[in-house]
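Chains as they are written, first to last, in the working numbering: chain Y, 424 to 522; chain G, 25 to 102.
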Amino acid sequence: MASVKKKSKSSSLSSIKPARKRTFRYAICVNNDGYPASLERGKLYSVIPDRSAAAHGYLRIVDESGEDYAYAAQRFFGVTIPRNLAIVLTNSRPAPSVR
Amino acid sequence: MEFKIIGQISEIETIAKGREIRSLVRLRKFYATGKWKKKKGIATVRLMDGTIRRAEVHWYEAHGIGKKEIKIKLPFLD
């Protein structure tokens, strides 16, 4: 009879690695209440990673003005896009607007 | 709104007027035609989580319409 080796599994919760929070570089606006000129519902926006903003529940978004601002993260749905699409969007992006 | 301004906005400056504003068409569409200006200033703000920070804020303004779409410009100043 073959012996079955059992792998010892630690049942300690400390052995479970917490899931990494994903950082999205793009997000779709799902709520533009109060900002109809700056955000368009359903539109894809660039996200600039910002830990300070994220710590308070905000995303740093390049909005319709071309500048980046802090918006509540709940207004957006983070998405991952194909690498080829990201390259095209990056190359076709107009120069950052001062205004 | 995702933050609250505490006190007055200081160091107010106009940073764009009329056609210099990229969102001018959208401002006129969603608010009204008018002589729009984009302004900036410094303010103490209370964030969604209750934290108080010092930040540069931007907004759009037109005579008779008032301030619209006040936004926090990152990074925080403090």
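C-beta atoms are modelled at their ideal positions from N, C-alpha and C, and glycine is treated no differently.
Just reading off the beta strand (DSSP E) that residue i is part of, what are its end residues?
i              : result
K41 of chain G : F27 to K41
When you compare the CB positions of residue i and residue j, do they come within less than 8 angstroms of one another, or not?
i               : j               : result
R78 of chain G  : D102 of chain G : yes
A495 of chain Y : A476 of chain Y : no
V470 of chain Y : F500 of chain Y : no
I89 of chain G  : A56 of chain G  : yes
E463 of chain Y : S47 of chain G  : no
W60 of chain G  : I39 of chain G  : no
H87 of chain G  : G58 of chain G  : yes
A450 of chain Y : E93 of chain G  : no
I16 of chain G  : I66 of chain G  : This structure gives no information on residue 16 of chain G, because the portion of chain G shown stretches from 25 to 102.
G457 of chain Y : M72 of chain G  : no
Y468 of chain Y : V485 of chain Y : yes
If you follow the alpha helix (DSSP H) that residue i is part of, which residue opens it and which one closes it?
i              : result
R46 of chain G : Segment: none, R46 of chain G is in no alpha helix (DSSP H) and carries neither H nor E.
To the nearest whole angstrom, what separates the beta carbons of residue i and residue j, a pair I think is in contact under 8 angstroms?
i               : j              : result
R498 of chain Y : L98 of chain G : About 15 angstroms separates the two Cβ atoms, so there is no contact after all.
K63 of chain G  : E37 of chain G : 7 angstroms
T75 of chain G  : G31 of chain G : Not a contact, Cβ separation roughly 16 angstroms.
Subject >> Segments of 4+ residues assigned as alpha helix (DSSP H) that fall wholly inside the region 436 to 515 of chain Y >> reply: 474 to 478 and 506 to 515
**OP:** Counting only runs of 3+ residues fully inside the region 65 to 99 of chain G, write out the beta strand (DSSP E) ranges in chain order.
**Re:** 76 to 86 and 90 to 97
Original post:
If contact means a Cβ-Cβ distance below 7 angstroms, which residues of the region 452 to 464 of chain Y contact chain G?
Top reply: G457, Y458, P459, A460 and S461
**OP:** Give, in chain order, every residue of the region 28 to 57 of chain G whose Cβ lies closer than 8 angstroms to some Cβ of chain Y.
**Re:** I39, A40, E44, I45, R46, S47, R50, L51, K53, F54 and Y55
**OP:** Quick one: which residues of the region 62 to 77 of chain G get their C-beta closer than 7 angstroms to a C-beta of chain Y? List them in chain order.
**Re:** K62, L71, M72, D73 and T75
**OP:** With 9 angstroms as the C-beta to C-beta threshold (strictly closer), list the residues of the region 474 to 495 of chain Y near chain G in chain order.
**Re:** S475, A476, A478, H479, G480, Y481, R483, D486, E487, S488, G489, E490, D491, Y492, A493, Y494 and A495
**OP:** Quick one: which residues of the region 88 to 100 of chain G get their C-beta closer than 8 angstroms to a C-beta of chain Y? List them in chain order.
**Re:** K92, E93, K95, I96, K97, L98, P99 and F100
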